[in-house]
Amino acid sequence: MPKVPSASSIKSARKAPVPSRQEQEHSKESGGTSTQEASGSNSNASTAKAKGKATKESTLIRQLHREWCKQCKENPWVPPAHPGNFQHSRDVVTITSGQATVLDGINPPLKKEELDTLPHQWIYAANGQRAKLFVEKDVRELIVQRRTFVGVPAPPKTLRSLDTYGQTGPSVFIGRLSPDPAPDKPATLTELRANPESVQFRGKGAIIRCDYTPVEGDPPLDEIVWVGPIITREETGVTEADACVLYCLEKADLDPLRRPKCHLFNIRSLAVRALEVHGGLSAHNEIIYNKRKEDKDILDKRYEEMGWCDGEPVRRFSTYLEQYLKDWPVHEMGSTDTEPPSEGTEKRVLQYAPIRKVHDGEMWSAEIHWTTQIRGETPDD
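Mapped onto our numbering, the consecutive letters of the sequence shown carry residue numbers 16 to 396.
Set out below in structure tokens:
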């Protein structure tokens with residue numbers, strides 16, 4: 016049988032104080048606070064540990080970066096006997112030191128002592144100042160070396176990345192969109208004079224196309240030079256009219272590269288499209304040579320009829336592109352050659368530049384700087 020409590024025990028229990036409701040709630044709050052404090056303490060300790068680890072890693076990266084810069088400073092590129100005579104090969108893509116410092120979004124930007132480890136060519140810019148030209152491929156290799164030395168992994172390729180040389184596969188259109196929308200209207204001439212690298216020519220919003228399947232007779236993909244010599248930057252965007260002039264394309268040829276509310280076409284994408292439409296590198300370049308010859312024949316006939324040369328080409332770029340090329344400090348004038356080189360294989364996707372007669376019809380020129388003077392505008396000195 017269960018034990019029955021005695022009368023005295025029942026009496027004692029009745030006399031025992033019972034906690035009030037407020038005391039019970041206070042007890043619960045005290046217990047909860049203790050649990051929260053313990054949890055908060057663990058969280059703070061974890062956060063502090065993570066911050067400490069990040070600080071150590073950041074300090075190590077800075078130390079390695081300083082060591083890297085020191086080694087670069089101690090190992091500059093040794094130029095030939097006459098540095099001013101050094102020239103890069105014409106079948107490579109060159110960029111200025113300003114472009115090289117931030118190539119592919121490298122952060123922190125490359126410093127002078129880092130770039131000075133690479134071969135560079137001295138040129139005179141449009142403003143009369145001396146400037147350096149670097150081979151784009153060399154700069155990319157330098158970036159990889161720095162990231163390897165410092166231990167910082169390369170960031171994932173963004174939608175605007177154009178570093179896809181050597182890509183193979185079917186040449187079915189696989190467009191990639193740069194993330195920023197293009198402006199509705201082109202930049203004004205005033206804006207272009209103030210900033211030649213304005214949004215108008217950075218190609219924001221344009222479809223970027225890099226995939227290409229070589230045809231018979233094409234050089235290897237990694238040897239094709241996709242840009243230049245007139246427009247040398249892959250991220251540049253041009254209007255429909257300029258795209259057709261540069262690569263001898265029809266408006267319908269640009270349909271796969273069109274994007275709603277974007278009036279720009281990416282230069283690298285245009286080069287790829289031109290090879291597809293024209294049937295390969297050799298066929299495309301032959302079209303450019305023939306177009307130059309056709310222009311010369313037209314201008315010769317015009318000169319015979321007029322007896323003098325007015326300096327106007329058969330076709331020309333838009334005012335915006337002409338001003339951009341005039342203000343851009345580094346570019347080569349377009350070629351007037353009507354035949355491919357006698358030696359070697361042409362590996363550059365040629366761009367067309369308007370040709371004109373100069374010096375009383377005795378010479379040909381495809382230089383860009385003349386354009387604003389002919390249109391009656393005052394060039395900026």
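Where a beta carbon is used, it is the ideal one built from N, C-alpha and C, also for glycine.
None of these values were measured; they are calculated from a predicted model.
Buried or exposed for residue i, please, with buried defined as at least 16 other CB atoms from any protein chain shown within 10 angstroms of its CB.
i: Gln86; result: exposed
i: Asn305; result: exposed
i: Val93; result: exposed
i: Gln366; result: buried
i: Glu265; result: exposed
i: Glu249; result: buried
i: Gly166; result: exposed
i: Glu89; result: exposed
i: Asn122; result: exposed
i: Arg161; result: buried
i: Lys127; result: exposed
i: Thr163; result: exposed
i: Leu75; result: exposed
i: Arg8; result: Nothing can be reported for residue 8, as the shown portion of the chain is limited to 16 through 396.
i: Asp233; result: buried
i: Arg77; result: exposed
Let me know the secondary structure DSSP gives residue i once reduced to three states.
i: His299; result: helix
i: Val165; result: helix
i: Arg224; result: coil
i: Val159; result: helix
i: Ser213; result: Residue placement at Ser213 is flagged as unreliable, the pLDDT there being 46, under the threshold of 50; a coordinate-derived value is accordingly withheld.
i: Asp268; result: helix
i: Glu327; result: coil
i: Gln102; result: coil
i: Gly120; result: helix
i: Ile246; result: coil
i: Asp312; result: helix
i: Thr353; result: coil
i: Asn305; result: helix
i: Glu337; result: helix
i: Val154; result: helix
i: Glu89; result: helix
i: Glu231; result: coil
Can you find a CB in chain D that lies within less than 8 Å of the CB of residue i?
i: Val165; result: Absent here is chain D; the protein component of the structure consists of one chain.
What first and last residue would you give for the beta strand (DSSP E) that runs through residue i?
i: Thr111; result: Thr109 to Thr111
Locate the alpha helix (DSSP H) running through residue i, then write down its first and last residues.
i: Arg283; result: Ile282 to His293
i: Tyr262; result: Glu255 to Tyr262
i: Lys127; result: Lys127 to Leu130
Since residue i sits in a beta bridge, which residues does DSSP pair it with?
i: Phe149; result: Ile110 and His135
i: Gly252; result: Asn281
i: Arg317; result: According to DSSP, which records beta bridges pairwise, Arg317 is partnered with nothing at all.
i: Val240; result: Arg363
i: Arg274; result: Cys277
Can you name, in chain order, every residue of its own chain whose Cβ lies under 8 Å from the Cβ of residue i, other than the five neighbours on each side?
i: Leu118; result: Ile110, Leu125, Glu151, Val154, Arg155 and Ile158
i: Asp310; result: Pro328, Val329, Arg330, Pro369 and Ile370
i: Glu361; result: Leu296, Ser297, Asn300 and Pro355
i: Arg288; result: Arg224, Tyr262, Leu264, Asp268, Leu269, Pro271 and Leu272
i: Pro95; result: Phe101
Looking only at its own chain, which residues have a Cβ that is under 7 Å from the Cβ of residue i, when we skip the five neighbours before and after it?
i: Gln102; result: Gln136
i: Asp257; result: Phe332, Ser333 and Leu336
i: Ser73; result: none
i: Asp106; result: Val240, Lys362 and Arg363
i: His293; result: His299 and Ile302
i: Glu238; result: Lys362
Leaving out five residues on either side along the sequence, give the residues of the same chain with a beta carbon under 6 Å from the beta carbon of residue i.
i: Ile313; result: Val329
i: Lys147; result: Ser112 and His135
i: Arg274; result: Ile222
i: Glu129; result: Cys87
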